[in-house]
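J.: What follows is a single structure, and I will ask about it in a moment.
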Ligand SMILES: Nc1ncnc2c1ncn2[C@@H]1O[C@H](COP(=O)(O)OP(=O)(O)OP(=O)(O)O)[C@@H](O)[C@H]1O
Ligand SMILES: Nc1ncnc2c1ncn2[C@@H]1O[C@H](COP(=O)(O)OP(=O)(O)OP(=O)(O)O)[C@@H](O)[C@H]1O
Ligand SMILES: [Mg+2]
Ligand SMILES: [Mg+2]
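Residue numbers (the working numbering), protein chains in the order written: chain D, 1 to 335; chain G, 1001 to 1335; chain E, 2001 to 2502; chain Z, 3001 to 3313.
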């Protein structure tokens, strides 16, 4: 069955269902509103996907291990606030700022991993839910519940710059999405071609069997949550670039749910052992495209929510149904 | 190992860890603020626990089946809005109102169950996340994004009344918590003493074993999600009584997270097959007690979040550690 | 009226990529014990699942007492009087033994509530009749495989069935339990209940069955009275070729002491266990189920913490705190529970084959796909793993073939000490030879093999030395050369706690 | 980039040729009653002026900051519109997004400090809360309170609207001689249920009563009043809400809530679109257009209720 072929050369083929959903969405929307298929709008879609795509990368790794990281969004906001705190203190060196931001994210991720593996908390849902609250509070504390703005250009560059309009076809392409593409390629290779990457799937599928095969499940898990922290930190830098501010109150936004939705639409599972980078990217794009399309159509919030809910369900339904049909066809073909 | 004793006579003994956490919390708070240990404040705690306790009951049943119901909060708000819509339309018969509210909740739960079992969606996280969005939109739609107030006394009775002050000791005890106690007793017996209740644990603990023994997992699951819908509807009636209004925008409040936290603190697991009513009640009380204490201390949101986060982690940590120590002691004693 | 309680005619069942059953038929007479054998992956378990309504066949008919039935789920077949012990354990680990035994067949009081005191009493009674004395209100997951297997059997014999199917019920039982089980089967037979008995241990079939049905590649080969057939006949029909002797022990020379264990203690389970294992030899571990052999090996392998004792590898004392360290120090440990501890069921055959030696399959930081594929091909061929391809999900292979994957996994590690815990569990006769050959190759290459087995012929056929355990203690050590004591009777005696006369 | 230019040309022609003007209104959210009136005002302008087309949008909630940012980004780039009216959830965040935008932008409800913004229509949350705070103190004195303490039940901590209203209340109350207990602010995330619990805590801490409870919105004021209902010490407490929506009017008439600070939501919307259209047509506009605010109390609640009802027809 296709769901098992993690190493299949074209991971995309495995996700035909969600890819199909994305295409159908795009086609419907280009007919529904003329502004959808313009170059500038497509660039906007990429911009708007960046943060969720980065956070989803970390979430995916945790989901593959049959875990979850609910602190991703709060972590990202915490990182922005750590950078904001530096600014408040008068530190304007962009390098220090970025290093502190990334360092905070990684540290938080490491703590998440440690809580899970060394203190034996039963499921990362608990530790990361707790961490989400802690980080939300910390984010408010470090900047004194104030909104910080005025970040240096070099810090906001990643989240706000685009390729110059003179570049053919890709004019206006956001730098942040170039980062996303690079990370997705690296992570894709990492997950499918390295020993550690493969171990992650195995730890997710059966931690005891992995342990008895000599894989240090605890270390692998800690690594995954640390990686998730790093991704949140990268998302933080993009966030600062986009909004230009740091505000602890932003931690209330459902970044975690969006990331989980992207991963699941893209084929990951709560039971672990499943999920690909390409699928996750498609998932993240689907979510942005629906939102973007509904915004262009000036649909009311109420209807927007209903449509998003239905698309989440349908995208996954499509995938499941396609897989079932596939299995059926192969069964009937068996001689 | 104690975690396995689901049928032990005193489920409370299994939850010594979280019960301990609750007691420690209460002791700390009674020293920290003199208003904590007053009769009226204790009654407040019961009042404030009711909604979460009801929602947690539904959540627990879903968690036992290794599922989850993220739509609980949105469902409750949707039910309040359905009742609000009746009011807007001029229907003031309390019976009709309550029936419509409960009917809506049950229907939504049934749809959740059906999506999962008949359409073979991979994990209820997806279908109920989608449903949460749909319900949020629907809640806004049915009341036209307005806030409805002026519910008849009979409808608000459940959420707002208390035992008369003349009753000894229990004067001021909220009717809503009496409902909670009744439901927890019924559910406790249901889960441990009836065939359907036991089947729920079986389906969650090892779905394959349940299937091979002829348990109709699909029906059991549908039942669980429908039950969760019913609990959300009951919570909706309490909510209307407490706030006096119906407002669709509240559907994004993290009712689901609170309920999950209560269940997990109380010993349930994402992997299914575990969880008791008594544990869940303790979990729900812990969450309320922290919030209540912090409100009495007029602590800022920042600090409040940090404390809540830490307590969530600590409560579970305490439980896990106790269990590990226990197992170790027994191992050493066996020498 | 028909002559048969249950009859299957022309059943065909396909899975993606395989035809598991091909125009298969089976008929069971009232009150008989029918043996069902075939190679791993022949379709036995599939046939059984069609019979109990777990799978629905594309073609074919099922008759019970002459009337046609369409089983849509296990409830339907149970209602028709068919009970089943499935090949894989299906235990609710967190629930009590009682819950497991009475799952979906709960006893109720008049009030409609479940009657746990009655159920506990009944559960205790049944388990005792199976020779197991436990508190049935304890969680089933706290017991070992043997007890869990008995729970499954108790589940089936408790309901009032016309026919009971047992799919390899003895694969995780010891001699004592097997004997008790046979006794119970005969009792059931006397009450007129038919039994379908699947096993790869031919001697069990000869001892127990009235007739035997052989299947190969999903097809019915023949059905004969047991008296009309013999070992060779069965094997030839099953494998499609005749086979040489089962146990061909390679002649090897005893090497250095590879593993020395001194006074290992583990609270309540192991009491001052000491032994030595040598390169170029197979050290057998015999004992009854629950003797603590598995616990001993887990302790050595670093899977469980120990409370005292020393471990020497090649004469050097080593602290082993985790399986990873054990593997690094050259120990391989094939666990008895393949589903829970051996395999990542959701991953491919290929992935599972390289699991214990990921580093060894890397070129730089990347996995060497070519090497992985080649090794996979080689393992599939040499171990005769029946699978559509090495990319197939392991969970979809037949039980025996899954076991072969676990063996392949450890062969692919560069260990020096191989601990095999019940290595031939659920493996067909043909493939057993392959496993023995693997052990021979290892000892010939000067490696050290430790084999835990509850099958006496295997212990006697393969071991250079046998250690007998009982209740966490070593009862006896017997050398192959020790003609006086190297026999079944003496080993069993030690396992039961008796003294062997020197 | 050439193609983009062409598209722009086309729409411009259409807009000027038929004198058609298309305005995009991006509110904090459309999923709330208060914003419903702003929306009604915006749409009313379009109804009154046949050549004006108005599209109103909003984020899904008042804390969906990033979502609003995306909406602004998407619509600014979409070429469908000639001008924008924005009620920013986080003004600082929007500044960066609209930088360099040539089309007219009007801020409504909450000001945006950016050169691209031609005008601010509203009273400002701080100013409205300020007048509310002052009036509350007057009413408390009238109700017989000597100890003029006030406790705030606020929205999400760090949220800019919540902060502005808190600041306004504090200024107004202190100026009028009351005491604002800054250390006892209860953050209830703008939700009725949480406000109820917060109020219960306030009652615990102040068994002798508090003169004024000033809330961030009407939901919370109604819930707080319900929590205190029947408590003698709180019989005369002034419960101040914010927004002056229908349910608040009803609650005021029923004697539950005491008063509500009402910004003139409908007018705000109407005037903002008006200003935007003017700017599109090249007219000069004021940099601040006061839409006014009022206090709803027992005397004018019925009137306000009727007006509100007529807006939503
Ligand atoms: N769920 C499934 N999906 C796909 N293929 C399957 C599935 N179950 C069994 N098969 C295939 O059907 C064939 C028959 O398997 P089955 O389990 O019936 O063999 P068996 O005779 O019981 O073998 P064993 O002695 O190893 O238990 C095998 O090739 C197996 O790979
Ligand atoms: N017949 C029995 N009666 C009671 N308890 C038993 C019985 N058999 C096993 N147990 C319990 O279950 C535990 C694990 O059993 P398991 O079958 O895994 O045995 P084991 O220790 O692995 O032995 P071995 O590998 O030698 O068969 C034992 O330690 C014992 O406590
Ligand atoms: Mg089989
Ligand atoms: Mg064993």
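Backbone N, C-alpha and C define an ideal beta-carbon position, used for all residues, glycine too. Being a predicted model, the structure only gives us computed values, none of them experimental.
1) To the nearest angstrom, report how far apart residue 69(D) and residue 312(D) are at their CA atoms.
2) On a CA-only basis, which of 3198(Z), 3228(Z), 3236(Z) and 3191(Z) is nearest residue 3217(Z)? Give me that one, please.
3) Below 8 Å on the Cβ atoms is my contact criterion, and I expect residue 1198(G) with residue 2099(E) to pass it. Report the Cβ-Cβ distance as a whole number of Å.
4) Using the Cβ count rule (16 or more neighbours within 10 Å means buried), how would you classify residue 2201(E)?
5) How many angstroms separate the CA atom of residue 191(D) from the CA atom of residue 56(D)?
6) Consider the C-beta atom of residue 2432(E) and the heavy atoms of ligand 1; say whether any pair is separated by less than 7 Å.
7) Please determine whether the Cβ atom of residue 2397(E) lies at a distance below 7 Å from any heavy atom of ligand 1.
8) At a Cβ threshold of 8 Å, is residue 3006(Z) touching chain D?
9) Should residue 371(D) be flagged as near chain G, meaning a C-beta pair shorter than 8 Å?
10) Among the candidates 1137(G), 1143(G), 1208(G) and 1038(G), whose CA atom is the shortest distance from the CA of residue 2090(E)?
11) Along the chain, where does the alpha helix (DSSP H) containing residue 2189(E) start, and where does it finish?
12) Measure the alpha-carbon distance for residue 282(D) versus residue 3291(Z) and round it to whole angstroms.
13) With 8 Å as the threshold, decide whether the Cβ of residue 1323(G) is near any Cβ in chain E.
14) Taking contact to mean at least 3 C-beta pairs separated by less than 8 Å, is the region 234-244 of chain D in contact with the region 2340-2347 of chain E?
15) Exposed or buried, what is residue 3067(Z) when buried is set at 16 or more other beta-carbons lying within 10 Å of its beta-carbon?
16) Quick one: what's got a C-beta closer than 7 Å to residue 2362(E)'s C-beta in the same chain, skipping five residues either side?
17) To the nearest angstrom, how far is it from the Cα of residue 1167(G) to the Cα of residue 1036(G)?
18) So within the region 3099-3168 of chain Z, which uninterrupted alpha helix (DSSP H) runs reach at least 4 residues, ignoring any that extend past its ends?
19) For ligand 3, I want to know if residue 2199(E) counts as a neighbour, meaning its beta carbon is within less than 7 Å of at least one of the ligand's heavy atoms.
20) DSSP on residue 5(D), reduced to helix/strand/coil?
21) 8 Å is my cut-off, CB to CB: does residue 1145(G) come that close to chain E?
22) Tell me which residues share the same chain as residue 3128(Z) and place their Cβ nearer than 6 Å to its Cβ, disregarding the 5 neighbours each side in the sequence.
23) Tell me which residues share the same chain as residue 3016(Z) and place their Cβ nearer than 7 Å to its Cβ, disregarding the 5 neighbours each side in the sequence.
24) Here's a check: name, in chain order, each residue in its chain whose Cβ is nearer than 6 Å to the Cβ of residue 2178(E), leaving out the five neighbours to either side.
25) Can you name, in chain order, every residue of its own chain whose Cβ lies under 7 Å from the Cβ of residue 2423(E), other than the five neighbours on each side?
26) When the distance is taken between beta carbons, is residue 77(D) closer than 8 Å to residue 241(D)?
27) With which residues is residue 2022(E) paired in a DSSP beta bridge?
28) Can you tell me which of 2280(E), 2332(E), 2033(E) and 2431(E) puts its alpha carbon nearest to the alpha carbon of residue 2447(E)?
29) Closer than 7 Å: is that where the CB of residue 2252(E) sits relative to any heavy atom of ligand 1?
30) Use the C-beta contact count for residue 1189(G): other C-beta atoms within 10 angstroms, 16 or more gives buried, fewer gives exposed.
31) Can you give me the C-alpha to C-alpha distance between residue 3092(Z) and residue 3276(Z), rounded to a whole angstrom?
32) Counting only beta-carbon atoms, is residue 1007(G) nearer than 8 Å to chain Z?
33) Is the CB of residue 2078(E) under 8 Å away from at least one CB in chain G?
34) Grab me the residues of residue 2496(E)'s own chain with a C-beta within less than 7 Å of its C-beta, minus the 5 sequence neighbours each way, in chain order.
35) Assuming residue 1103(G) contacts residue 1228(G) (C-beta within less than 8 Å), just tell me the rounded distance between them.
36) Tell me the rounded alpha-carbon separation between residue 1309(G) and residue 1159(G).
T.: Well, looking at it:
1) 20 Å
2) 3191(Z)
3) 6 Å
4) buried
5) 14 Å
6) no
7) The answer is yes for residue 2397(E).
8) Low confidence applies here, because residue 3006(Z) scores a pLDDT of 43, under 50, leaving its location unreliable; read the following figure in that light. Chain D, which has no Cβ nearer than 8 Å to the Cβ of residue 3006(Z), makes this no.
9) With chain D running from 1 to 335 in the structure shown, residue 371(D) is simply not present.
10) Looking only at 1137(G), 1143(G), 1208(G) and 1038(G), the smallest Cα-Cα distance to residue 2090(E) is reached by 1208(G).
11) In this chain, the alpha helix (DSSP H) harbouring residue 2189(E) covers 2175-2190.
12) One C-alpha to the other measures close to 46 Å.
13) no
14) no
15) buried
16) 2368
17) For residue 1167(G) and residue 1036(G), the distance between alpha carbons rounds to 21 Å.
18) 3125-3142
19) no
20) Because the pLDDT at residue 5(D) is just 37, under 50, the model does not fix this residue reliably, and the point stays unresolved.
21) Not an interface residue.
22) Its chain contains 3261, 3263 and 3293 as the residues whose beta carbon lies nearer than 6 Å to that of residue 3128(Z), once the 5 sequence neighbours on both sides are disregarded; these appear in chain order.
23) Confidence is the limiting factor: at residue 3016(Z) the pLDDT is only 43, short of 50, which leaves the residue's position unreliable and the question unanswerable from this model.
24) 2170
25) Closer than 7 Å at the Cβ level, and outside the excluded window around residue 2423(E), lie 2334, 2407, 2435 and 2451.
26) no
27) Per DSSP, none; premise fails for residue 2022(E).
28) 2280(E)
29) no
30) It counts as exposed.
31) 21 Å
32) With a pLDDT of 37 at residue 1007(G), under the threshold of 50, the modelled position of that residue is not reliable, and the figure given next carries that caveat. Not one chain Z Cβ lies under 8 Å of residue 1007(G).
33) yes
34) Once the five neighbours on either side are set aside, residue 2496(E) has no close Cβ partner at all.
35) In fact, because the Cβ distance is near 15 Å, the residues do not count as touching under 8 Å.
36) 28 Å
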